[in-house]
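One structure is given below, encoded as structure tokens.
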Amino acid sequence: MKANQLLKNIVLAELESAVKSYLQKQNVEIPFDDFKIRIEYSRDEKFGDYSSPFALENKNLLKLNPKDIAEGVLSEIKNDSLFDFVSFSPPGFINFRIRPSFLIGYVSKVMSPAVSFAKAEVLETILLEFVSANPTGPMNIVSARSAAYGDALANLLLSLGHTVKREFYVNDYGNQVYLLGVAVLLRIFESKGDHISFQEEESDESIFSLIEKRVLPKESYRGEYIKDIANELLQDLVHSKQVGDWIQNKNWEDCIQFLSKYAVEYNLSRQKEDLNLFGVQFDKFYSERSLHESGEVEKVPTLLKKEDISTIDGKLHFLSTHYGDDKDRVIRREDGRPTYLMADIAYHFDKYKRGFTKLIDIWGPDHYGYIARLKGAVESFGKTKESFMVLIAQQVNLIENKEKVKMSKRLGIFQTMRDLLAYLGKNGKDVGRYFFLMRSSDAPLDFDLDLAKDESDKNPVFYIQYAHARVCSIFRELQMNISEWKFPSELKDEQFQQEERIRLLFWVSRFQEEVYDTATHLEPHRLTNYLQSLSKAFTKFYSHKDNRIKEKVGEERDQLLLLIYVTKLAIASGLELLGISSPEKMSKEVEG
């Protein structure tokens, strides 16, 4: 299915044709491309299905009042087979109501017997990197939001026809990982009966000296989960003996390096378990350590343009101000150690080297200032800035009893992804994903735990799922197997004279364009909003006494069954794109 076959684009084409005819009759010499012509959904359904602010947005070009412009354009719209009516509403909107007979033909074509999706005009090979949580502890709530967001985006981009791979970048190298090993070592001492204390102020005292004093460095990790890692290791006779030998010989460096890798593997394995519970599967877990060990990080200065590299005060800088950054960035320290930026440049260069034409990263809210420098590096090593995109998954506030739940990863006072799924119970995956997706990702999210726990239709995801389950319930009530039902080849006009039926038909007909817009704008919350509106239209239809399908016979019953069947297809397909189930039975079933 091509994008120009979407319903709103069919309407737009008719409007453009009418505008051209109107301009020609007005002897307007302004190039047609200079005019802004767009279609949007009507804010109030009483005015129509679609509207256009053409008259308002182009009044200065035409030097006429919006009413005259709109009425002139309306006089050129002749397609009676498409429109039930076209009209003007102040201060300058052109309104369109689609004829039910056209909607019937359209829905029959694109929704039955299976859903078709509109394809992108230019297909890309996309690497979507998301979550990439530090393997220094359990996965937190912001990472859970990123997981839901990234996985839904991958599904949506696939619906457009793109090739998409999901990737998780494992930050298993550097000082943070080293400090993780130190924390595990101190907890091992504690498990053997030693008293450990916590450094409250940073000092110049060496890590080894603090270890011997049984003091956990201030910048290390204090969470209870560190005890779990230590206890797990001590239960392994081989590993515990090796660590014991290092401790006895005070070989702190080898011991810390080993414990760092062990703790990373432990945390990463549990992060993968959490992701599986959340229904998120990655094509690749990419190790930062592998980049360093392969020597790719050290090659970075040779990849960037010579004029973008400079040594200042003994440090090698990437001159990211050439690309709009607020200051130049160090990529190699005086002692020769690479910075995180240098490794990230190597990683993104490798992505392109693997054949991807478009890179999309989803980062947490504390990385916004990092975007300019990395986008600059991408340009410096020869790729277009349009080929690399960074999306931000903003902060999540857990709300319980109308109060925020406090979170702190380093101190171990936080709600994890696993905690959330356990709290939500058997519906954790569906409810969690929906709540993370129902608001724009670039805005902070208040996650209402009380509402998420509610299993009534006050819970927005259940409201949608109930609509799907009700359709299935109607078929069961009529003793029809929905998977084997022989439905009519198309909907017929005479059965669609009532407002509730026409409105539901229109909302179903919007499905393809809603998915297309959601995917092209990378905004899954658009689809959750649409599914809510579609379910609301179904509920209005279902509640009307003249739509009691089990009381109908013959063609009218078959036509109404087809209408609710394509409604079911839209709901199920939309939920599937979001990674949410569409149950056929729920506790709150209502008969048909």
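Each number in this note's numbering corresponds to the 1-based position in the sequence shown with 38 added.
Cβ atoms here follow ideal geometry from the backbone N, Cα and C, with glycine treated the same way.
All values reported here derive from a predicted model rather than from experimental measurement.
Any heavy atom of the ligand FMN within a distance shorter than 8 Å of the CB on residue i?
i	result
D87	In terms of ligand content, the structure shown is empty, and the ligand FMN therefore cannot be addressed.
How should residue i be labelled, buried or exposed, when 16 other C-beta atoms within 10 angstroms of its C-beta is the threshold for buried?
i	result
R81	exposed
S181	buried
R371	exposed
R411	buried
S479	buried
R392	exposed
E561	buried
G374	exposed
P151	exposed
L271	buried
T163	exposed
S89	buried
S241	exposed
E364	Checking the displayed sequence, the identity of residue 364 turns out to be Asp instead of Glu. Counting Cβ neighbours within 10 Å, D364 comes out exposed, since fewer than 16 surround it.
L572	buried
N133	buried
S229	exposed
S620	buried
On the premise that residue j lies in contact with residue i, defined as a C-beta separation below 8 Å, what is that separation, rounded to the nearest angstrom?
i	j	result
F419	L342	6 Å
V49	I77	6 Å
L635	L601	Residue 635 lies beyond the range of the chain shown here (39 to 630); nothing can be said about it.
P173	V208	6 Å
P91	F131	6 Å
L329	A156	Actually they are not in contact, since the Cβ atoms of L329 and A156 sit about 38 Å apart, beyond 8 Å.
Y361	G414	3 Å
D232	R260	Contact flag wrong, Cβ pair sits at about 16 Å.
S332	D210	With 8 Å as the limit, S332 and D210 do not qualify as a contact, their Cβ atoms being about 14 Å apart.
S154	V148	5 Å
E622	C510	4 Å
D388	E303	Not really, about 22 Å apart at Cβ, beyond 8 Å.
N439	D488	7 Å
S258	V220	5 Å
H386	I369	With a Cβ gap of about 13 Å, H386 and I369 do not count as contacting.
Y216	I267	Not really, about 15 Å apart at Cβ, beyond 8 Å.
L667	N585	For the chain, the structure presents residues 39 to 630; residue 667 sits outside this window and is missing.
Look at the Cβ atom of residue i, then the Cβ atom of residue j, and state whether they are nearer than 9 Å.
i	j	result
L254	Q237	yes
N462	K491	Note on residue identity: the sequence assigns Leu, not Asn, to residue 462. Against a cut-off of 9 Å, the Cβ pair of K491 and L462 comes out as a contact.
S125	S139	no
Y406	R508	no
L112	F73	no
V281	I226	yes
L53	I115	yes
F85	R204	no
I400	V428	yes
A5	I245	Within the shown structure, residues of the chain are numbered from 39 to 630, placing residue 5 beyond reach of any answer.
F123	S170	no
A505	T577	yes
Q535	L483	no
F544	L141	yes
L194	T454	no
Y79	D87	yes
F474	V434	yes
Taking only the alpha-carbon atoms, compute the straight-line gap between residue i and residue j and give it to the nearest angstrom.
i	j	result
M177	K344	40 Å
K256	Y390	39 Å
I502	Y144	24 Å
G402	A186	13 Å
I520	Y554	27 Å
E291	I179	33 Å
L569	A192	19 Å
S30	N42	The structure shown has nothing for residue 30, since the chain only spans 39 to 630.
L436	G466	15 Å
P128	R135	17 Å
N567	K574	11 Å
K423	L196	22 Å
A190	M476	12 Å
L94	P339	53 Å
E336	V202	29 Å
D283	L306	26 Å
N289	E311	33 Å
N47	E83	19 Å
G212	E262	22 Å
P57	T558	Checking the sequence shown, residue 57 turns out to be Val, not Pro. If I take the Cα positions, the gap works out to 27 Å.
I618	G175	27 Å
For residue i and chain C, any beta-carbon pair shorter than 9 Å?
i	result
L45	Looking for chain C here will not work: only one protein chain is present.
Say whether the stretch 604-617 touches the stretch 549-569, bearing in mind that this needs 3 or more beta-carbon pairs closer than 8 Å, one atom from each stretch.
-> yes
State whether the stretch 315-323 contacts the stretch 463-472, with contact taken as three or more CB pairs (one from each stretch) at a distance under 8 Å.
-> Touching, per the Cβ criterion.
Could you tell me whether the stretch 588-596 touches the stretch 494-510, using the rule of 3 or more Cβ pairs below 8 Å?
-> no
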